[in-house]
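So the protein sequences, as listed, match chains A and B.
FYI, numbering that gives the first Met the number 0 numbers position 149 of the first sequence as 148, with every residue one higher than the one before it.
FYI, numbering that gives the first Met the number 0 numbers position 61 of the second sequence as 60, with every residue one higher than the one before it.
A virtual CB, placed ideally from N, CA and C, is assigned to each residue, including glycine.
Keep in mind that this is a model prediction, so the values were computed, not measured.
Contents: one structure, followed by commentary.
There are 2 protein chains.
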Amino acid sequence: MAETRFDIVAMGDAIVDVIASCDDAFLDTHGLPRGSMQLMTPEAADRLYDAMGMAREMSGGSAANSMAGIAAMGGRSAFIGQVAEDQLGMIFEHDMHALGVHFDTPPLVDGPPTGRCLILVTPDGQRTMNTAPGASHELTADAISPALIRDSAILYLEGYLFGPEKPRAAMMKAIDYAHEASREVAFTLSESVCIAGRRGAFQDMIDNKGVDLLFANEDELRQLTGHDDLDVALALMAGKVPTLVITKGAQGAMALQDGHRTEISAAPVEKVVDTTGAGDMFAAGFLAARAKGKPVRQCLETGAKAAAEVISHFGARPEANMKELVAL
Amino acid sequence: MAETRFDIVAMGDAIVDVIASCDDAFLDTHGLPRGSMQLMTPEAADRLYDAMGMAREMSGGSAANSMAGIAAMGGRSAFIGQVAEDQLGMIFEHDMHALGVHFDTPPLVDGPPTGRCLILVTPDGQRTMNTAPGASHELTADAISPALIRDSAILYLEGYLFGPEKPRAAMMKAIDYAHEASREVAFTLSESVCIAGRRGAFQDMIDNKGVDLLFANEDELRQLTGHDDLDVALALMAGKVPTLVITKGAQGAMALQDGHRTEISAAPVEKVVDTTGAGDMFAAGFLAARAKGKPVRQCLETGAKAAAEVISHFGARPEANMKELVAL
């Protein structure tokens with residue numbers, strides 16, 4: 000395969016994180032399940048924000064974090080996502096460009112503001128996410144450049160963006176462009192809440208061979224297949240996607256590929272400060288290694304190293320010298 | 000003196016910090032003196048922002064940080080400052096309220112955007128600040144509520160805001176309200192760059208007994224008095240302000256009050272991560288203790304403890320349990 004301009008191009012939410020610490024009682028008071036992600040109306044998000052403590056703002060978005068991570072590891076990444084023409088949108092765009100991620104989706108002029116994710120971090124480092132997607136869910140197929148998809152070895156899609164209709168249609172179009180150019184399509188299920196109510200659409204995409212590489216955790220896999228027995232769920236899905244990658248948090252990760260199962264432990268972490276971005280950085284490490292043609296075990300291990308870095312501090316994007324850390 | 004509603008009310012820049020790491024070469028390339036503060040036009044700030052790395056945003060402003068610190072220490076603080084009606088202004092307002100700081104200056108509707116301070120942190124933890132003050136310098140005397148000034152034991156004023164004409168006039172009015180109600184007026188010179196070109200105005204304010212408590216570092220004191228010999232400068236200024244507090248960074252701090260000199264060492268810090276906010280937290284600790292009627296040595300020591308906390312992490316506002324730390 001000829002060298003492409005980018006290793007990975009991703010489509011995902013273009014969002015700014017608003018991160019505050021809170022105690023466990025705060026989650027109870029506001030009826031927020033620990034460790035969950037929920038979508039919020041702008042009004043509900045405003046109410047929650049009013050109640051939250053002093054926050055710090057950092058660019059976020061799941062696949063966007065992954066592309067930031069890949070750039071930090073020395074990979075060539077690009078991102079497609081929708082911000083509005085406002086201050087948070089400018090912050091998001093700045094941070095992508097500052098990291099060397101190619102990003103040129105034009106900002107939305109008349110419409111909702113740039114999306115925010117209100118992230119509450121409890122003393123144990125667990126994050127509970129409350130997303131007001133705003134402009135992010137207004138992404139349309141018009142924003143997809145066929146040339147950009149063709150010019151990237153891997154197309155990476157985020158489950159969070161598979162819910163709303165317009166971005167989902169844009170993703171399906173991007174899959175077509177990618178496969179026409181013989182590119183690999185990777186997909187992350189993102190969160191079990193993204194699957195409920197749209198299992199059929201996910202299954203259709205997978206049954207139609209839309210996905211070559213699927214990232215999921217065990218909960219998401221059960222949700223998607225409808226099988227509570229994990230071995231049954233694994234066997235079923237492994238028959239449908241060429242590479243299936245299962246993340247298991249502190250228990251590590253595994254991949255099923257070509258009938259082989261590869262398991263790894265999680266990388267050691269001195270103190271878990273904030274788990275935000277763990278899954279995003281795992282995917283970043285895995286994809287950065289895969290784009291360099293590394294074997295699946297090294298892909299898993301690179302993902303685990305990157306995830307360990309990001310949970311050792313506040314915020315969903317890496318702070319350490321990632322090139323040295325992953326040494327690809 | 001009857002109990003007031005607030006311990007301290009401050010007037011200062013209402014600004015959001017945009018904090019990024021950089022290497023020393025970056026400062027050289029952009030002609031930014033290490034550890035300095037410069038005011039920037041919006042265009043220059045945009046150019047610098049474009050060149051900066053990925054950033055995190057946090058509410059800032061010197062006196063605003065101090066009021067945040069005082070609230071965190073269990074003090075009752077209020078703030079007067081000008082934001083615009085935009086996303087950064089909402090962030091600033093949210094963070095003040097989240098900390099329990101009284102803040103009700105109405106946002107500016109037609110005018111420049113909320114001010115930003117682009118903060119570059121070098122590997123040694125030194126911060127170089129580049130401020131685009133925006134709406135912040137549009138503060139007028141109309142924003143000053145005489146009742147709020149009367150209802151606060153101490154009025155605290157920030158030198159950064161003494162440069163532009165409108166906020167300076169507002170400050171002079173606030174000093175009158177405070178003294179009419181027999182309140183103490185504290186002033187920080189903020190930065191030597193704030194003194195250049197307006198030494199006369201500073202001296203007039205001080206000669207007219209506008210200031211009861213002056214915070215300065217040695218450079219600022221030399222600039223203000225025009226005397227390079229520190230002992231001469233100290234003696235001169237000590238004759239003009241009832242309490243003179245001199246901060247000396249890693250060398251600690253001292254106070255001259257009623258002919259007595261009190262010196263303390265800096266509080267120990269394991270690792271200096273980011274010096275942003277050290278002076279602000281020193282003032283916060285000093286003022287919080289003073290509002291509780293503590294002797295000047297304890298005021299200095301409380302300031303030093305608060306400063307040590309804030310330089311041990313990124314950002315200008317405290318993260319530790321400040322009530323326990325200062326135990327007032």
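| Item | Value |
| --- | --- |
| Mapping the DSSP letters down to three states, classify MET0(A) as helix, strand or coil. | Its pLDDT being 49, under 50, MET0(A) is placed unreliably in this model, and the coordinates cannot settle the point. |
| Taking DSSP's pairing of strands, which residues face THR130(A) in a bridge? | LEU38(A), CYS116(A) |
| Measuring alpha carbon to alpha carbon, tell me which of ASN320(B), GLY314(B), LYS291(B), VAL192(B) ends up nearest GLU2(B). | LYS291(B) |
| Let me know if HIS259(A) comes out buried or exposed under the rule of 16 or more other beta-carbons within 10 Å of its beta-carbon. | exposed |
| List the endpoints of the continuous beta strand (DSSP E) containing GLN256(A). | 252-256 |
| Kindly list, in the order they appear in chain B, the residues whose Cβ is closer than 9 angstroms to that of GLY52(A). | ASP94, ALA97, LEU98 |
| Pop quiz: ALA134(B) and GLY110(B) are said to be a contact at Cβ under 8 angstroms. What is the actual Cβ separation, rounded to whole angstroms? | 6 angstroms |
| Find the residues of chain B that neighbour TYR176(A), judging by a C-beta separation of less than 9 angstroms, and give them in chain order. | Going along chain B, no residue has its Cβ under 9 angstroms from TYR176(A), so there is no contact; the nearest lies around 29 angstroms. |
| Expressed to the nearest angstrom, what Euclidean distance is found between the alpha-carbon atoms of ARG289(A) and LEU156(A)? | 16 angstroms |
| Please work out which residues of its chain come closer than 6 angstroms, Cβ to Cβ, to ALA319(B), disregarding the five sequence neighbours upstream and downstream, and give them in chain order. | GLU308 |
| Based on the DSSP output, what are the partners of THR187(A) in its beta bridges? | GLU157(A), PHE214(A) |
| Compare the C-beta of ILE90(A) with all C-beta atoms of chain B and state if any pair is closer than 8 angstroms. | yes |
| Applying the 10 Å Cβ sphere with the 16-neighbour rule, what's the burial state of ASP12(B)? | buried |
| Output the distance between the C-alpha atoms of LEU220(B) and MET66(A), rounded to the nearest integer angstrom. | 49 angstroms |
| Report buried or exposed for LYS270(A), applying the criterion of at least 16 other Cβ atoms within 10 angstroms of its Cβ. | exposed |
| Taking beta-carbon pairs under 7 angstroms, can you tell me which members of the region 139-161 of chain B lie near chain A? | none |
| DSSP three-state call for THR246(B): helix, strand or coil? | strand |
| Between which two residues does the beta strand (DSSP E) containing SER76(B) stretch? | 76-79 |
| Is there a Cβ of chain B sitting closer than 8 angstroms to that of MET57(A), yes or no? | yes |
| Using a cut-off of 7 angstroms between C-beta atoms, extract the partners of LEU235(A) located in chain B. | Chain B residues near LEU235(A): none, gap ~40 angstroms exceeds 7 angstroms. |
| Buried or exposed: where does PRO294(B) fall if 16 or more other Cβ atoms within 10 Å of its Cβ makes it buried? | exposed |
| Could you tell me which residues DSSP pairs with ASP16(A) in its beta bridges? | MET57(A), CYS116(A) |
| Work out the CA separation of ASP228(A) and GLU262(A) for me, nearest whole Å. | 19 angstroms |
| Can you give me the Cβ contacts of SER20(A) inside the same chain, cut-off strictly under 7 angstroms, excluding the 5 residues immediately before and after it? | GLY52, VAL120 |
| Count the other CB atoms within 10 Å of the CB of GLY314(A); is the residue buried (16 or more) or exposed (fewer)? | buried |
| In or out: GLU56(A) buried (at least 16 other Cβ within 10 Å) or exposed? | buried |
| What does GLY314(B) touch in chain A if you count any residue whose Cβ is under 9 angstroms from its own? | ARG55 |
| Determine whether the beta carbon atoms of LEU4(A) and ASP150(A) lie at a separation below 8 angstroms. | Position check: residue 4(A) holds Arg in this sequence, whereas Leu was assumed. Result yes, Cβ atoms of ARG4(A) and ASP150(A) sit closer than 8 angstroms. |
| Based on Cα-Cα distance, which residue from SER264(A), PRO317(A), GLU190(A), ALA173(A) lies nearest to VAL8(A)? | ALA173(A) |
| I'd like to know whether the C-beta of GLN86(A) is nearer than 8 angstroms to at least one C-beta of chain B. | yes |
| Considering only the alpha carbon of each residue, which of ILE143(B), LEU107(B), ALA168(B), GLY248(B) lies closest to ALA77(B)? | ILE143(B) |
| Return helix, strand or coil for ARG260(B), following the three-state DSSP convention. | strand |
| Buried or exposed: where does THR40(B) fall if 16 or more other Cβ atoms within 10 Å of its Cβ makes it buried? | exposed |
| Assuming GLU190(B) and MET36(B) form a contact by the criterion Cβ under 8 angstroms, report the distance between their Cβ atoms to the nearest whole angstrom. | 5 angstroms |
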